[in-house]
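Peer 1:
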């Protein structure tokens with residue numbers, strides 16, 4: 242049974258119940274587990290022991306790429322590839338290249354941020370054991386779940402079930418892989 | 003955490019007894035999470051209301067005027083517009099700036115208010131972002147079609163062409179191409195990322211209801227969202243960064259639009275006040291449009307618990323603040339024209355107020371400077387009909403502002419021998435009138451098929467979302 246099981250899922254009715262249960266699961270030393278919430282619960286990252294998201298680093302890389310792209314494009318097209326003097330102005334100046342480089346910084350940052358978010362989250366992933374749970378619709382609405390995966394080294398069907406029940410979870414069920 | 007902070011409060015507070023401001027209720031009547039889901043999803047899942055079909059029919063009819071105007075323009079040439087020396091730039095750029103400005107309130111609400119932690123934005127940000135995108139669509143029509151041969155519109159972008167000549171990157175018009183296309187793209191991305199959790203809700207609801215087609219379509223765009231907190235962690239960070247980059251973006255877009263004028267040498271255009279003045283005007287007009295759209299929506303769908311009087315008050319106050327900034331800018335332009343002692347500049351401003359286009363100038367002043375002042379009064383802000391009527395005046399006034407700036411300066415330039423008077427042709431009137439239809443068609447489709455409010459964000463600002471009891475200001 243355990244081989245075909247993805248893990249255990251427990252239901253919590255309120256954000257506070259979920260929050261305190263998450264602290265217990267974290268303190269029990271589990272690593273491969275997750276909370277399912279209909280909205281971002283304030284402070285839950287801390288209760289789960291999650292580290293700060295690294296999306297900003299990807300965004301920064303995107304922003305720097307965007308700025309350099311703008312500057313390089315304007316310099317190469319105007320001062321290298323086809324030089325054309327307009328209004329006696331220099332062929333290249335970071336001054337007139339700035340507005341476009343600024344916009345490209347923002348454009349590339351936005352794409353890097355969203356792309357980075359999808360990449361870190363492993364999305365799109367349209368099939369996932371959690372999505373097969375028959376109560377998942379409620380998890381998108383007003384209910385909260387904790388899922389502990391079977392691949393977690395500390396996972397043990399009986400003990401993990403007891404932990405979830407002691408933490409206040411109801412309807413502790415096994416999820417099919 | 004909270005008790006630590008309470009212990010650290012200075013003792014003086016006990017003596018001075020500061021006034022306690024109650025936190026505004028953002029979701030009235032203590033509604034539950036599932037009430038919010040049912041309310042918002044119910045709008046999409048219910049039968050299409052009759053009024054929707056009537057509005058959609060009228061909107062399509064109005065939009066057909068744009069199609070007619072543009073078809074005639076492309077088939078004939080830009081000469082069908084009323085432009086003639088010296089006014090070679092008129093309704094096309096007026097309408098462009100008008101629509102782009104409307105979009106700005108959407109980004110302000112979604113980005114700047116997000117960074118400022120103004121939680122009241124959650125009720126209106128989705129619809130306001132949709133408004134931004136549709137306004138950018140309407141705005142883009144004008145610069146694209148004013149080139150005449152639109153099949154060459156790609157010359158605006160640095161794509162190698164057979165002349166081997168690149169764009170003139172020194173020109174503010176080229177900056178504008180990048181500013182507006184970035185603005186449109188980032189607005190769509192921001193809107194979409196906000197939609198993902200709500201699309202997942204709809205996916206699961208339609209699946210439970212047995213509607214496989216719609217469940218598939220919503221599910222496709224929901225990217226397999228499953229409400230995982232590990233995902234929310236990255237998602238919230240990404241959302242915050244997008245808000246962070248959209249803020250300088252929205253300020254830069256209308257700044258660059260104003261560079262189209264400010265970088266030229268024409269009296270009345272060549273002024274350093276333009277960037278902040280245009281940005282304030284854009285937000286002013288955008289909030290006018292948000293009120294115009296949200297108040298009927300609130301009445302039709304009975305959203306009074308989600309768009310409360312507090313929300314309307316906030317929007318009215320921002321309209322008042324930005325409208326007053328715009329009024330100040332009008333006064334400052336006059337002052338600088340006099341103080342600068344440049345005869346051409348001085349003449350331009352006297353001509354604006356008392357010349358051939360004085361009628362347009364005074365419509366602008368009455369709509370933009372006088373109208374918002376009514377919002378000082380609580381009785382006015384609480385009268386929804388009155389707020390709606392005033393918001394229409396704001397929209398009218400801001401269109402006239404662009405008309406006054408652009409046309410009066412061009413019609414009376416340096417050489418009296420080249421002075422002229424501009425009137426729009428019927429083709430321009432058709433094209434512009436029709437854009438309201440284009441906008442309405444898109445907006446009606448939006449309220450029919452997508453959640454008009456961000457359910458996840460609304461749930462997060464309800465009192466029961468708080469895991470620490472009745473206070474949430476300890477961070």
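Chains as they are written, first to last, in our numbering: chain P, 242 to 418; chain D, 3 to 477.
For each residue, glycine too, the CB sits at the ideal point set by N, CA and C.
In the segment 352 to 365 of chain P, which residues sit with their C-beta less than 8 Å from some C-beta in chain D, listed in chain order?
Peer 2: Under the 8 Å Cβ criterion, the segment 352 to 365 of chain P contributes 352, 354, 355, 357, 358, 359, 361, 362, 364, 365.
Peer 1: Would residue 244 of chain D pass as an interface residue toward chain P - the criterion being a Cβ-Cβ separation below 8 Å?
Peer 2: It does: the Cβ of residue 244 of chain D has a partner Cβ on chain P nearer than 8 Å.
Peer 1: With distances taken Cα to Cα, identify the nearest neighbour of residue 35 of chain D among P:255, P:275, P:273, P:259.
Peer 2: When each option's Cα is compared against that of residue 35 of chain D, the closest is P:255.
Peer 1: In this structure, how does DSSP classify residue 359 of chain D when only helix, strand and coil are distinguished?
Peer 2: Coil.
Peer 1: Just checking: is the beta-carbon of residue 125 of chain D within a distance shorter than 8 Å of some beta-carbon in chain P?
Peer 2: By this cut-off, residue 125 of chain D is not an interface position.
Peer 1: Please state whether DSSP places residue 276 of chain D in a helix, a strand or coil.
Peer 2: Helix.
Peer 1: Should residue 326 of chain P be labelled buried (16 or more other beta-carbon atoms within 10 Å of its own) or exposed?
Peer 2: Label assigned to residue 326 of chain P: exposed.
Peer 1: So, does the CB of residue 91 of chain D fall closer than 8 Å to a CB anywhere in chain P?
Peer 2: By this cut-off, residue 91 of chain D is not an interface position.
Peer 1: Flag this pair as yes or no: are the beta carbons of residue 107 of chain D and residue 288 of chain D separated by less than 8 Å?
Peer 2: Yes, the pair counts as a contact, with Cβ atoms nearer than the cut-off.
Peer 1: Determine which residues share a DSSP beta bridge with residue 99 of chain D and list them.
Peer 2: Residue 99 of chain D is not bridged to any residue.
Peer 1: Use the C-beta contact count for residue 210 of chain D: other C-beta atoms within 10 angstroms, 16 or more gives buried, fewer gives exposed.
Peer 2: Burial call: exposed.
Peer 1: Do residue 413 of chain P and residue 249 of chain P have their C-beta atoms within less than 8 Å of each other?
Peer 2: Yes, Cβ-Cβ distance for residue 413 of chain P and residue 249 of chain P is below 8 Å.
Peer 1: Quick one: does residue 220 of chain D have its CB under 8 Å from some CB of chain P?
Peer 2: Closer than 8 Å: no.
Peer 1: Assuming residue 308 of chain P and residue 342 of chain P form a contact by the criterion Cβ under 8 Å, report the distance between their Cβ atoms to the nearest whole angstrom.
Peer 2: Yes, they are in contact, since the Cβ atoms of residue 308 of chain P and residue 342 of chain P sit about 5 Å apart, within 8 Å.
Peer 1: Tell me whether residue 6 of chain D sits in a helix, a strand or coil according to DSSP, three-state version.
Peer 2: Note that residue 6 of chain D scores 46 on pLDDT, short of 50, meaning its location in the model is unreliable; the coordinates nonetheless yield the value given after this. It is helical.
Peer 1: Only counting the same chain, and skipping five residues up and downstream in sequence, which positions put a Cβ closer than 7 Å to that of residue 383 of chain D?
Peer 2: So the qualifying residues of the chain are 314, 315, 318, 377, 389.
Peer 1: Taking Cβ positions only, does residue 414 of chain D come closer than 8 Å to chain P?
Peer 2: It does not: the Cβ of residue 414 of chain D has no partner Cβ on chain P nearer than 8 Å.
Peer 1: CB residue 328 of chain D to CB residue 370 of chain D, shorter than 8 Å?
Peer 2: For residue 328 of chain D and residue 370 of chain D, yes; Cβs fall inside 8 Å.
Peer 1: Using only the alpha-carbon positions, how far apart do residue 52 of chain D and residue 285 of chain P sit?
Peer 2: Cα to Cα, residue 52 of chain D sits roughly 44 Å from residue 285 of chain P.
Peer 1: Can you find a C-beta in chain D that's less than 8 Å from the C-beta of residue 373 of chain P?
Peer 2: No, residue 373 of chain P does not count as interfacial toward chain D.
Peer 1: Indicate whether at least one CB of chain D lies closer than 8 Å to the CB of residue 246 of chain P.
Peer 2: With 8 Å as the cut-off, residue 246 of chain P does not count as an interface residue toward chain D.
Peer 1: Name the residue from D:143, D:44, D:124 whose alpha carbon lies nearest to the alpha carbon of residue 73 of chain D.
Peer 2: Checked all of D:143, D:44, D:124; the closest Cα to residue 73 of chain D is D:143.
Peer 1: Who are the neighbours of residue 297 of chain P on chain D, taking C-beta pairs under 8 Å?
Peer 2: Those within 8 Å of residue 297 of chain P in chain D are 239, 243.
Peer 1: My guess is that residue 332 of chain P and residue 319 of chain P are in contact by the Cβ rule of under 8 Å, so how many angstroms apart are they, rounded?
Peer 2: Residue 332 of chain P to residue 319 of chain P, Cβ: 5 Å. Contact.
Peer 1: Please report how far the alpha carbon of residue 364 of chain P lies from the alpha carbon of residue 404 of chain P, in whole angstroms.
Peer 2: Whole-angstrom Cα-Cα distance: 30 Å.
Peer 1: Say whether the segment 390 to 400 of chain D touches the segment 418 to 433 of chain D, bearing in mind that this needs 3 or more beta-carbon pairs closer than 8 Å, one atom from each stretch.
Peer 2: In short, these stretches do not touch, since the Cβ pair count stays below three.
Peer 1: Of all Cβ atoms in chain D, is any one closer than 8 Å to the Cβ of residue 271 of chain P?
Peer 2: No - not a single Cβ of chain D is within 8 Å of the one on residue 271 of chain P.
Peer 1: Return the chain-ordered list of same chain residues with a C-beta closer than 7 Å to the C-beta of residue 130 of chain D, the five sequence neighbours on each side being excluded.
Peer 2: So the list reads 107, 108, 111, 112, 292, once near-sequence residues are dropped.
Peer 1: How many angstroms separate the CA atom of residue 223 of chain D from the CA atom of residue 452 of chain D?
Peer 2: The straight-line gap from Cα to Cα measures roughly 12 Å.
Peer 1: When Cβ atoms are compared, which residues of the segment 220 to 236 of chain D fall closer than 9 Å to chain P?
Peer 2: So the close ones are 221, 222, 224, 225, 226, 227, 228, 229, 230, 231, 232, 233, 234, 235, 236.
Peer 1: Taking the alpha-carbon of residue 233 of chain D as reference, which of P:416, P:362, P:415, P:401 has the nearest alpha-carbon?
Peer 2: That would be P:362, whose Cα lies nearest to the Cα of residue 233 of chain D.
Peer 1: On the premise that residue 138 of chain D lies in contact with residue 186 of chain D, defined as a C-beta separation below 8 Å, what is that separation, rounded to the nearest angstrom?
Peer 2: Confirmed, Cβ separation roughly 4 Å.
Peer 1: Could you pull out every unbroken alpha helix (DSSP H) segment of at least 4 residues lying fully inside the segment 285 to 311 of chain P, listed in chain order?
Peer 2: Correct list: 285 to 289.
Peer 1: I'd like to know if residue 338 of chain P contacts chain D, where contact means its C-beta is closer than 8 Å to some C-beta of that chain.
Peer 2: By this cut-off, residue 338 of chain P is an interface position.
Peer 1: Are there three or more Cβ pairs, one per stretch, closer than 8 Å when the segment 320 to 336 of chain D is compared with the segment 271 to 281 of chain D?
Peer 2: The segment 320 to 336 of chain D vs the segment 271 to 281 of chain D: in contact.
Peer 1: When you compare the CB of residue 307 of chain D with every CB in chain P, is at least one pair closer than 8 Å?
Peer 2: No - not a single Cβ of chain P is within 8 Å of the one on residue 307 of chain D.
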